[in-house]
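Report on one structure; see the data block that follows.
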Amino acid sequence: MSMLKIKKGDTVKVIAGKDKDKEGKVISVDQKKGRVVVEGINMLTKHTKPSAANQNGGIIHQEGSIDISNVMYVHKGKATRVGIKMDGDKKVRYAKSTGEVID
1 MSMLKIKKGD
11 TVKVIAGKDK
21 DKEGKVISVD
31 QKKGRVVVEG
41 INMLTKHTKP
51 SAANQNGGII
61 HQEGSIDISN
71 VMYVHKGKAT
81 RVGIKMDGDK
91 KVRYAKSTGE
101 VID
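Note that full-length UniProt numbering gives residue 90 to position 90 of the sequence shown, counting from 1, and the numbers run on in steps of one.
So this is what it looks like as C-alpha cells:
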C-alpha cells in the first residue's frame with residue numbers, strides 16, 4: 001500500500017458517517033486495513049467480564065475504527081487535502097489548500 005497521508009497525532013475532521021463534522025486527534029492508524037481510530041469518534045459499547053485489570057467488569061465505552069477515506073486533515077482550523085512532494089531528497093506532506101509543508 002502507498003504512503004498514508006494521515007498519521008498518529010494529527011487532528012482530523014470526519015466527513016462522512018454518523019459522526020460527520022466532528023473533529024478529533026488520531027490515536028492509531030492501521031496501514032494494512034486503511035483505518036484510523038479517532039479520539040471521541042465512533043464510540044462503541046463493550047461488555048467485559050471481570051478480570052485482573054478490571055475487577056468489576058461491566059460496560060465500557062471505547063473508540064472504534066473508521067475508514068481513512070472518511071476523515072480529512074485539519075490545517076489551521078480548516079479541513080484540507082494532503083499531498084506529498086519531494087523536499088530535496090525527502091518526502092514531505094503539505095496542505096493542498098495553502099501549499100504549506102505540514103511536517
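Cβ atoms here follow ideal geometry from the backbone N, Cα and C, with glycine treated the same way. The structure displayed is predicted, hence computed values, not measured ones.
Q) Taking C-alpha atoms, which residue in LYS91, GLY99 and GLY64 lies nearest to MET3? A) LYS91
- Message: Need the endpoints of the beta strand (DSSP E) that GLU63 sits in, please.
- Response: 58-63
**Asked** What three-state label does DSSP hand ILE15 in the structure shown?
**Response** coil
*Could you name the residues of the same chain whose beta carbon sits closer than 8 Å to that of ASP87, not counting the 5 residues immediately before and after it, in chain order?*
VAL101
Backbone secondary structure at ILE6 - three-state DSSP
coil
**Request:** Taking SER28 as part of the beta strand (DSSP E), name the residues at either end of that continuous run.
**Result:** 23-30
On the criterion of 16 or more Cβ atoms from any shown chain inside 10 Å, does ALA52 qualify as buried, or is it exposed? exposed
Next on the checklist: If contacts are defined as beta-carbon pairs under 8 Å, then ILE6 and ASN70 qualify, I think. What distance do you get, rounded to the angstrom?
Outcome noted: So it is not a contact: roughly 11 Å between Cβ atoms.
* To do: Quick one: using the 10 Å Cβ neighbour count with 16 as the cut-off for buried, is ILE41 buried or exposed?
  => buried
Cβ shell of GLY24 (< 6 Å), same chain only, five flanking positions each side left out = VAL38, GLU39, GLY40 and ILE41
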